[in-house]
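Worksheet: one structure, shown below.
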Amino acid sequence: MSIILKTEKLRVEYRSREIRQGTKVALHGLDLEVGTGEVFGFLGPNGAGKTTTMNVLLGFVPPTSGSAYLFGIDVRQPIARQRIGYLPELTYYYKFLNAEELLRFYAKIFGLPRAVADRRIAELLKLVELESAARRPIKSYSKGMQQRVGLAQALINDPDLLVLDEPTSGLDPLGRMKVREIIQRLKNEGKTVFFSSHELGEVESVCDRVAIIHQGQLKAIGRVAEITGTHANLEKAFLEIVGYQKEPAS
Amino acid sequence: MRNTIAVAGIVIKELYRRKDFYVLFIVTILICLVMASINIYNDANVVRYIKEVCLDLIWVCTLVVAVTTTARQIPAERENRTLLPLLAKPLTRVELILGKFLGCWLACGLALLCFYLFFGALAASREHHWFLTNYLQAGVMQWFMLGMVVALSLLGSLVFAAPSSNATICFVIIGGILFVGRHLDQEALQLAEPLRGLVLCLYFVLPHLEFYDLRDLVVQNWPPVAWEYIGLALLYAVFYQFIFLIGACLVFRRKAVN
Amino acid sequence: MVSPRPYWLLLVALLVACFGTAARLSPQFEGWRGSRATGDFFVVLLGDERKMFANTFYIKADEYYHSGYYPSIFDDNAAFRTAHMAEDTGAVDSKNHGDEHGFLGPERNWIDSFGRHFFPNRHTHLDEGGPGGDLGGSQEVREILPWLKLSADLDPENVQTYTVTAFWLRERMQNVKAADVMLHEGIRHCPDSYEIFFELGRLYYDSYQDHTRARNVWEHGVELWLRLDPATPRGRQPALELVDDWLSRPLKLVAEQKDNQLVMEQLTTHLAAMDTADGHWTRAIEWLRAGERVSLTPDRIQARIDELNSKLDQELHPLLKPLY
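Residue numbers (my numbering), protein chains in the order written: chain A, 1 to 250; chain B, 1001 to 1258; chain C, 2001 to 2324.
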């Protein structure tokens, strides 16, 4: 199994807005590897560094030190992003476009020929069940429809690696089930999925491996069963790993 | 280039799907038609005041379109988080900036074309003559001036947090240059050092947008400007567009997008 | 659920009360000093600031007269203190001096030099065809009329707006009727304006060939000018009597008379010309003497007086007529 995503001693520091606080370290030398065809869950409490890691992988933020690679290419090269799809959390797409135009725009950026783009757009709209709403402006879409169009744009170039940031955030149970089905389908097609989520039940059912990050440091990485260990479920294991202590009853 | 054109296409779509341009266009038409209906001592051939009113409105409206459209491009992408999926594609930040610039500039060009077609029709209805060369020169010069405005506004959108503050500052700068830019050197002589040196520096450094204002020549039916001077002015505009765009790219390179 | 009916009834009652109160108080409103109920639209909208706008549009008209080649507040405007469109009517004292062609001055640097290619850079007058240079009695001067009309609407007490507009309407646009209406409107707002009466006289004389009316209004103009001086006798004396009285006193002009000597010269010389044509040389000499007093070229007028005196002598003493 080849390594599709790799970070080596990845360190990211931000200059804090509070003058007295100096710099804030978001990631402390993160070492991570994700193999081809894996569904990889990236877990952690709020502010742990999950989004920062994704930002570095996608080239939004340069690392302070260390390196990150996608398909063996340094993430700072735009070509590294040719074969990935990205679904950010809570995105409101261009209100004045409809779903078809949005997908066509992203298809152009990937340089897809017109015929290929047309076919791909039709397939994706069917996959995310937006065929009937394809010509409506996105501003008229519900939250679930916006998330589905986001998923469609992430898949427009038939990516080998899909990076999803909280893909089920804000979705109803039906929507969440649909996303799980799509992830499973992608896995069956040999795609790699790297996603962060707070829905540990979903992670448990879908992921091959998970990593838990807390305060910028990798606390645990391995197969779901290994991480869960003797705990009843992944949630309890997670809470112990991040050092949660239950408040004593008064 | 492909990516730049794709981004530009989105900006142009935004222009003709938002209502701003249509409102401004219709207001311009209404005001001009009202002005044209005024009886000036039963003389139907009086035309220059209508031309002036129309051109003044065109200038105001296209400046508003240019500044407000450009000022909201990057902030809106950031606010709606569409910047993230965009930059996650094989699209560089430079391509994004150039695409936004090209889109806004072409959108201004389309708006200008609509306005000038109306202006030409209005003027010809009274003068029974089309001063095509004059109109072409005025339109092209104004378009290149708007290119500088768009580039400046784009740079401002990366420096200032809110589109409103960026737009306000741009309007103040543009208005100041158009009204007093030509005379800054004269005013500098009235001042004591070091203010004199500063104002003189400003005079030579600021883009002289007033070069591109050919309204008086069009309204008063002066002969067209010699094409070599038009060419030099366009080169001057391209130079400043470059400067502002390079500044925007440099600022955007270091900007956090989340 | 509460019925909305009482609220509707309350609303109707309030509306009735409002309208009734307004109707009851309306006569008192109209009687208030400073009431804007019957004011002109511009007065209501702008108040006294309308005069500032009126002046701006008046200057705009002169800018159009020059096809856009006009000094800004940063340029040397010494040659544009008096609007050229007014100066060219021949009835306005000029305060201009300096170079009207070169108010921009020499080119200061490459930016200034380059920038001059993109705006009007030559002194022209619209009555001479503007930049096109057509000297054949061009009617391009029509383009100043909208701004003059707007200026007159905003400041009905500005005399020059009426005289300048009427002159160009009559002289170049051959729109005598509109000029007549304009001048009468000017008289309505400025009943003591000798400038307007002079222009009205020119209209009667040149366009209607009505010499009687022309004489009447010109004489009335002379009266108005002379009565600026409090020393002029009050009463219903004819204009020539007032002139005689004025000529008998040492020359002492009040401020407004000093600023408007040209109009008086024009009035008197036109009356003199009319009397000369009618053979009333004594009257003509009286008018010319009055004109000479305020003229900047008294020698020219003196020459005409001498000529008329000589004719008068010949008439009185036929033997003095030349034999050949």
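Don't be surprised by glycine CBs; every beta carbon is placed ideally from N, CA and C.
- Alpha carbon to alpha carbon, how far is Tyr2204 (chain C) from Ala2214 (chain C)? Give it in angstroms, no decimals. 5 Å
- Indicate whether Met2182 (chain C) and Gln2139 (chain C) have their beta-carbon atoms separated by less than 8 Å. no
- Item | Val2243 (chain C) - DSSP class collapsed to helix/strand/coil | helix
- Query: Are Ala2272 (chain C) and Leu2247 (chain C) close, meaning C-beta to C-beta below 8 Å?
  - Reply: no
- Since Met2173 (chain C) meets chain B, which of its residues come closer than 9 Å, beta carbon to beta carbon? Tyr1041, Asp1043
- Item | Meets three-Cβ-pair contact criterion under 8 Å: the segment 213-228 of chain A and the segment 70-81 of chain A | no
- Query: Of all the CB atoms in chain B, is at least one closer than 8 Å to the CB of Phe2074 (chain C)?
  - Reply: yes
- Message: For Glu38 (chain A) and Lys191 (chain A), what's the separation of their Cα atoms in angstroms?
- Response: 7 Å
- Query: Taking Cβ positions, are Val1257 (chain B) and Leu1087 (chain B) nearer each other than 8 Å?
  - Reply: yes
- Boundaries (first-last residue) of the alpha helix (DSSP H) holding Thr2056 (chain C): 2050-2065
- Message: With H, G and I counted as helix, E and B as strand and the rest as coil, what does DSSP make of Ser1164 (chain B)?
- Response: helix
- Query: So, does the CB of Ala2178 (chain C) fall closer than 8 Å to a CB anywhere in chain B?
  - Reply: yes
- Going along chain C in order, which residues have a C-beta closer than 8 Å to the C-beta of Phe1211 (chain B)? Phe2114, Gly2115, Phe2118
- Query: Any idea what DSSP makes of Ile4 (chain A), helix, strand or coil?
  - Reply: strand
- Query: Where Tyr244 (chain A) and Gly222 (chain A) are concerned, what is the direct C-alpha to C-alpha distance, given to the nearest angstrom?
  - Reply: 20 Å
- Message: My parser needs the beta strand (DSSP E) runs of 3 or more residues fully inside the segment 54-117 of chain A; what are they?
- Response: 65-70, 84-87
- Query: Are the beta-carbon atoms belonging to Gln2257 (chain C) and Trp2225 (chain C) less than 8 Å from one another?
  - Reply: yes
- Message: Can you list, in chain order, the residues of its chain with a C-beta nearer than 6 Å to that of Arg1196 (chain B)? Leave out the 5 residues immediately preceding and following it.
- Response: Ala1188
- Query: Which residues, in chain order, does the segment 51-76 of chain A contribute to contact with chain B at a C-beta distance below 8 Å?
  - Reply: Thr51, Asn55, Leu58, Gly59, Phe60, Val61
- Query: Quick one: what's got a C-beta closer than 8 Å to Thr2276 (chain C)'s C-beta in the same chain, skipping five residues either side?
  - Reply: Ala2284, Leu2308
- State buried or exposed for Pro2106 (chain C), treating a residue as buried only when at least 16 other CB atoms are found within 10 Å of its CB. exposed
- Item | Start-end ranges of the beta strand (DSSP E) lying completely within the segment 1176-1258 of chain B, minimum 3 residues | none
- Message: Distance check for Arg119 (chain A) and Leu5 (chain A), CA to CA, integer angstroms please.
- Response: 29 Å
- Item | Partners in chain B for Tyr2064 (chain C), counting only beta-carbon separations shorter than 7 Å | Arg1048
- Buried or exposed (CB count within 10 angstroms, at least 16 for buried), Tyr14 (chain A): exposed
- Message: Give me the residue from A:Gly59, A:Glu235, A:Arg114 with the minimum Cα distance to Glu202 (chain A).
- Response: A:Glu235
- Task: Can you have a look at Gly2221 (chain C) and say buried or exposed, based on whether 16 or more other CB atoms are within 10 angstroms of its CB?
- Result: buried
- Item | Nonlocal neighbours in the same chain, by C-beta distance under 8 Å from Thr2082 (chain C), ignoring five residues either side | Val2092, Asp2093, Ser2094, Lys2095, Asn2096
- Message: Please confirm whether Trp1143 (chain B) has its beta-carbon closer than 8 Å to some beta-carbon of chain C.
- Response: no
- Query: Secondary structure at Thr23 (chain A), three-state DSSP: helix, strand or coil?
  - Reply: strand
- Message: For Arg2236 (chain C), count the other beta carbons within 10 Å of its own beta carbon; 16 or more makes it buried, fewer makes it exposed. Which is it?
- Response: exposed
- Query: Could you give the C-beta distance for Thr2163 (chain C) and Ile2196 (chain C), rounded to a whole number, given that I count them as a contact under 8 Å?
  - Reply: 6 Å
- Query: Based on the DSSP secondary-structure assignment, which residues constitute the bridge partners of Tyr14 (chain A)?
  - Reply: A:Lys24
- Message: Between which two residues does the beta strand (DSSP E) holding Leu2253 (chain C) run?
- Response: It is not in any beta strand (DSSP E) - Leu2253 (chain C) carries neither H nor E in the DSSP assignment.
- Residue nearest to Ile1074 (chain B) in terms of C-alpha spacing, selected from B:Leu1057, B:Ala1066, B:Cys1061, B:Leu1096: B:Leu1096
- Status (buried if at least 16 other CB within 10 Å, exposed otherwise) for Ser2003 (chain C): exposed
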